[in-house]
Amino acid sequence: ALTFLMIVVGQTVFFKNRAQPKPQDNKTPQTEQAATPSAVAPPAFAAKAPRAAAPKQAQAGTETVVENGVYRIVFTNRGGQVKSWILKQYKDGRGQPLEMVHDEAAKQFGYPLSFFTYDPALTNKLNGGLYVASATGNLATPGELTFEFSDGDLVARKVFRFSNSYVVGVETSVTRGGANVAALPAWPSGFGDDTIPASYAMQGVAHEDGGDVERLTGKKVVGGATTHGPFNWAGAQDQYFAALFLPDNPQAASLVSLHNNMRIPEDLEKPDPNKTTPVDVMGAAVGDLSGPTVERLFVGPKALHILEKVRTNTAPGQLNGPDLSKVVDFGKYLGFIAKPLFLWLRWTHDHIIANWGWSIIILTVIINLVLLPLRLTSMKSALKMQKIQPQMKALQEKYKKYKMNDPKRADMNTEMAALYKEHGVNPVGGCLPLVIQMPFLIAFYGMLAVAIELRQANWFWLHDLSAPDKLYIIPVLILISTIAMQRMTPQAGMDPTQAKMMTFMMPVFLGYISLRYASGLGLYWIVGNIIGFLQQMIMNHTELGREIAAVRQKQANKRFLKGK
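For the sequence shown, position 382 matches number 632 in the numbering used here, and the numbering has no gaps at all.
Printed below as a string of structure tokens:
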């Protein structure tokens, strides 16, 4: 009691006029604010103290359907994400409208327009909560759809704007305790048109910055890897379709690549859980890691005439960036040939005959006619080489006793060059035209591999010019036409045994690899073989051709008599 009395007296007498101590730094903001008189502003860091947001959550699940002439999108308020995204103008392998959402992969890795964060628990909370939707049922286009969610601390908002094109406007934001959270809208789980391992292998992540495009596929896509912009566009794609984010502010955009693995049945017609094969599933999340994201999302076909109409941003609100045409990969080195070939093919289809198979045939005929002078040069060179083959053999016999490093071998090359000059033979004349023609074949192959217009295009028994011939008629015709070409073409300077082997092995090899190639490419090859056969047949009936045929027959008779 005496101690308590002394404390009270001491506080009253000795410390009555002493200044009040300042609040200590280790006090909490709430304590500091309570100790501050109402007329005085609280410390700066106390002013940042967030005010709790009112909880906002739906009581039950709802769906909203947005439909225009090119798509039908089904949103769910569970995470404010997409359950179904159908492209109405494209069909799947069963003839049904094409579903872009890979349902099995989405169940495991996330649905389109879900949130990606670097915190799995936060990601699950954002994508599992019941958002409040601004509209349910059917929503007409053009229109707007908003999803909002709050648990008092975590606040998420999504706004989607729709027009009559393949492009959807996207705005998202996530805060926790009033501070921005790095949360990006994502397309995480591939595409619904991927059904076989080969189609999964074509998935990848790509982005463009001012004309420079980087494409990553397979093991090059690192899950969770972050690439900072600027980006004109960035996203996921497969062979024929893409989901690309177009940031409103390219400078602030970041791309997170997503790479997951799953197993699919080896036989989709008769799925067996014991017979599965592993595949890679690619995705992408794109947005502003420092705050709200404002961008557009293109989900649609990689068709040039559509992509060329979509412009990207160079700065907020400025749609003067490059279009999306570079999404189509015509090849890094031969794209300058492949793209004009495709434009020419499309023009033929649109203006001459509305069938892609016949358009390929017409294009092949024209290409072969343009290259005819080169082919004639090659055939003449081969015929002349056949004519001087006995003299060449004689020179080889004359110098075969000398080793390759013997100076005498140089004399053989000198005499061989004189022989070529005497008969007007260019030793590379038969090879150079073939070398010139090869880029066209490679470019044609590259063009057919990315032209979505050939997907499911019909021509007689072929139901998809972008896929291999299931009846194997194309490989058989390639085998037969190549054998005919080999037998018709003189094998200048080649040993008869080697010539017979080449006549058989080359067609078999080409027929085998054509089993996996697009039937449209096989059609190009067959028509080229037929034209080449006819040209060679005409050449063989010229005066030079008859002369060479007589020489070949004479050589054959000598070999026959020698064999007897």
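A virtual CB, placed ideally from N, CA and C, is assigned to each residue, including glycine.
Computed from a predicted model, the values in this text were never measured in an experiment.
Exercise for the section: Quick one: which unbroken beta strand (DSSP E) runs of 3-plus residues sit fully inside the region 420-502? Chain order, please. Expected result: List check, beta strand (DSSP E) in window: 434-437, 454-459, 462-467, 476-478, 483-487 and 491-497.
Problem - With 16 other Cβ atoms within 10 Å as the buried cut-off, status of arginine 796 - result: The count along the sequence shown starts at 1 and reaches residue 796 at position 546. Arginine 796 comes out exposed.
Problem - Own chain residues within Cβ distance below 6 Å of tryptophan 775, not counting five before or after - result: Your numbering for residue 775 matches position 525 in the sequence shown. Within the same chain, Cβ atoms closer than 6 Å to the Cβ of tryptophan 775 are found at Ile728, the five residues on either side in sequence being excluded.
Practice task
Leaving aside the five residues before and after proline 447 along the sequence, list all residues of the same chain whose C-beta is less than 7 Å from its C-beta, in chain order.
Solution key: In the sequence shown, counting from the first residue as 1, residue 447 sits at position 197. Thr527 and Val529.
Handout entry: Span of the alpha helix (DSSP H) around alanine 355
Key = Indexing the sequence shown from 1 puts residue 355 at position 105. Unbroken alpha helix (DSSP H) run through alanine 355: 353-359.
Practice task
Quick one: give me the first and last residue of the beta strand (DSSP E) that leucine 584 is part of.
Solution key: Position 334 of the sequence shown, counted from the start, is the residue given in the question as residue 584. Taken as a continuous stretch (DSSP letters only), leucine 584 belongs to no beta strand (DSSP E), as it is neither H nor E.
Problem - Reference arginine 737, options Gly378, Ala799 and Asn414, closest by Cα - result: Along the sequence shown, read from residue 1 onward, the residue named residue 737 stands at position 487. With distances taken between Cα atoms, arginine 737 lies closest to Ala799.
Exercise for the section: Tell me, to the nearest whole angstrom, how far the beta carbon of valine 471 is from that of methionine 512; I am working on the premise that it is less than 8 Å. Expected result: Stepping through the sequence shown from its first residue, residue 471 is reached at position 221. Stepping through the sequence shown from its first residue, residue 512 is reached at position 262. About 15 Å; that fails the 8 Å criterion.
Exercise for the section: Pick out whichever of Pro480, Ser413, Ala432 and Leu505 has its Cα sitting closest to the Cα of valine 455. Expected result: One-based indexing of the sequence shown puts residue 455 at position 205. The shortest Cα separation from valine 455 among Pro480, Ser413, Ala432 and Leu505 belongs to Leu505.
Practice task
Taking methionine 756 as the reference, give the member of Arg766, Gly778 and Ile733 with the closest Cα.
Solution key: Translated into positions along the sequence shown, residue 756 becomes position 506. Measuring from the Cα of methionine 756, the nearest candidate turns out to be Ile733.
Practice task
Output yes or no for whether 8 Å exceeds the beta carbon distance between serine 423 and threonine 391.
Solution key: Your numbering for residue 423 matches position 173 in the sequence shown. Your numbering for residue 391 matches position 141 in the sequence shown. In this structure, serine 423 lies away from threonine 391, with their beta-carbon atoms at least 8 Å apart.
Practice task
For tryptophan 597, count neighbouring Cβ atoms within 10 angstroms of its own Cβ and tell me buried if that reaches 16, exposed if not.
Solution key: Stepping through the sequence shown from its first residue, residue 597 is reached at position 347. It is exposed - the Cβ of tryptophan 597 has fewer than 16 other Cβ atoms within 10 Å.
Handout entry: Three or more C-beta pairs below 8 Å linking the region 424-443 and the region 350-366
Key = Three or more beta-carbon pairs drawn from the region 424-443 and the region 350-366 are found closer than 8 Å, and the two stretches are therefore classed as touching.
Exercise for the section: Report yes or no: do three or more beta-carbon pairs, one from the region 477-493 and one from the region 456-465, lie closer than 8 Å? Expected result: The region 477-493 vs the region 456-465: in contact.
Exercise for the section: Buried or exposed for asparagine 267, please, with buried defined as at least 16 other CB atoms from any protein chain shown within 10 angstroms of its CB. Expected result: The residue labelled residue 267 in the question sits at position 17 within the sequence shown. Since pLDDT at asparagine 267 reaches only 44, below the 50 mark, its modelled position is unreliable, and the value read off the structure follows with that caveat. Looking at its Cβ environment, which holds fewer than 16 other Cβ atoms inside 10 Å, asparagine 267 is exposed.
Exercise for the section: From the DSSP output, in three-state form, read off serine 540 for me. Expected result: Counting from 1 along the sequence shown, the entry for residue 540 is found at position 290. In this structure, serine 540 counts as coil in the three-state DSSP scheme.
Practice task
With DSSP as the reference, label aspartate 656 as helix, strand or coil.
Solution key: Against the sequence shown, residue 656 aligns to sequence position 406. Aspartate 656: coil per DSSP, three-state reduction.
Problem - N- and C-terminal bounds of the beta strand (DSSP E) containing glycine 772 - result: Taking the first residue of the sequence shown as 1, we reach residue 772 at position 522. DSSP places glycine 772 in no beta strand (DSSP E) but in the uninterrupted alpha helix (DSSP H) bounded by 769-790.
Exercise for the section: Give the secondary structure of leucine 712 by DSSP, where H, G and I count as helix, E and B as strand, and everything else as coil. Expected result: Here residue 712 refers to the residue found at position 462 when the sequence shown is read from its first residue. The answer is strand: DSSP assigns leucine 712 an E or B state.
Practice task
Report the option in Ser769, Met735, Glu793 and Asn663 whose CA atom is closest to the CA atom of glycine 782.
Solution key: The residue given as residue 782 occupies position 532 in the sequence shown. Measuring from the Cα of glycine 782, the nearest candidate turns out to be Met735.
Practice task
Would you kindly work out how many angstroms separate the C-alpha atoms of lysine 582 and lysine 552, rounded to a whole number?
Solution key: To locate residue 582, count along the sequence shown from 1; it is residue 332. To locate residue 552, count along the sequence shown from 1; it is residue 302. Using only the alpha carbons, I get a separation of about 17 Å.
Handout entry: Alpha-carbon to alpha-carbon, threonine 425 and glycine 329
Key = In the sequence shown, the residue the question calls residue 329 occupies position 79. In the sequence shown, the residue the question calls residue 425 occupies position 175. Roughly 15 Å between the two C-alpha positions.
Exercise for the section: Spatial neighbours of tyrosine 340 within its chain, please: CB distance less than 7 Å, with the 5 preceding and 5 following residues excluded, ordered by chain position. Expected result: Mapped onto the sequence shown, residue 340 falls at position 90. Correct list, in chain order: Leu348 and Pro551.
Exercise for the section: Could you tell me which residues DSSP puts in a beta bridge with threonine 527? Expected result: On the sequence shown, residue 527 is found 277 positions in, with the first residue counted as 1. For threonine 527, which the question treats as bridged, DSSP gives the partners Ile514.
Problem - Cut-off 8 Å between Cβ atoms - residues of its own chain near glutamine 687, not counting five sequence neighbours on either side - result: For this step, residue 687 is matched to residue 437 along the sequence shown. Leaving aside the five residues that flank glutamine 687 on each side, the residues in its chain whose CB is nearer than 8 Å to its CB run, in chain order, Leu621, Leu624 and Arg625.
Exercise for the section: Measuring alpha carbon to alpha carbon, tell me which of Ile724, Asn524, Ser575 and Gly468 ends up nearest glycine 461. Expected result: Looking up residue 461 in the sequence shown gives position 211. The residue among Ile724, Asn524, Ser575 and Gly468 with its C-alpha nearest the C-alpha of glycine 461 is Ser575.
Handout entry: Limits of the beta strand (DSSP E) - the one that serine 364 falls within
Key = Looking up residue 364 in the sequence shown gives position 114. Run containing serine 364: 364-366, per the beta strand (DSSP E) assignment.
Problem - Spatial distance of tyrosine 490 from isoleucine 702 (CA atoms) - result: Along the sequence shown, one-based indexing puts residue 490 at 240. Along the sequence shown, one-based indexing puts residue 702 at 452. If I take the Cα positions, the gap works out to 6 Å.
Exercise for the section: Alpha carbon to alpha carbon, how far is valine 675 from glutamine 786? Give it in angstroms, no decimals. Expected result: For the purposes of this step, residue 786 is taken as the residue at position 536 of the sequence shown. For the purposes of this step, residue 675 is taken as the residue at position 425 of the sequence shown. Taking C-alpha positions only, glutamine 786 is separated from valine 675 by approximately 18 Å.
Exercise for the section: May I have the straight-line CA-CA distance separating glycine 537 from threonine 543, to the nearest angstrom? Expected result: Numbered from its first residue, the sequence shown carries residue 537 at position 287. Numbered from its first residue, the sequence shown carries residue 543 at position 293. Between the C-alpha atoms of glycine 537 and threonine 543 there is a straight-line separation of about 5 Å.
Problem - DSSP-derived helix/strand/coil call for proline 640 - result: For the purposes of this step, residue 640 is taken as residue 390 along the sequence shown, with counting starting at 1. Helix.
Exercise for the section: Kindly list the residues whose CB is nearer than 6 Å to the CB of alanine 451, restricted to its own chain and excluding five residues on each side of it in sequence; keep chain order. Expected result: Taking the first residue of the sequence shown as position 1, residue 451 is located at position 201. Within its own chain, no residue has a Cβ closer than 6 Å to the Cβ of alanine 451 once the five positions on either side in sequence are excluded.
Problem - For glutamate 703, the residue or residues it bridges with in DSSP - result: For this step, residue 703 is matched to residue 453 along the sequence shown. Answer by DSSP bridge pairing: none, since glutamate 703 is not bridged.
Problem - Residue of Ser415, Gly772 and Ala383 minimising C-alpha distance to alanine 406 - result: Locating residue 406 in the sequence shown gives position 156, where the first residue counts as 1. Nearest C-alpha to alanine 406: Ala383.
Problem - Endpoints, alpha helix (DSSP H) assigned at glycine 378 - result: Along the sequence shown, one-based indexing puts residue 378 at 128. Taken as a continuous stretch (DSSP letters only), the alpha helix (DSSP H) holding glycine 378 covers 370-378.
Handout entry: Proximal residues to isoleucine 780 (C-beta, below 7 Å), its chain only, five neighbours per side dropped
Key = As a first step, residue 780 is located in the sequence shown; it is residue number 530 there, counting from the start. The answer, listed in chain order, is Ser731.
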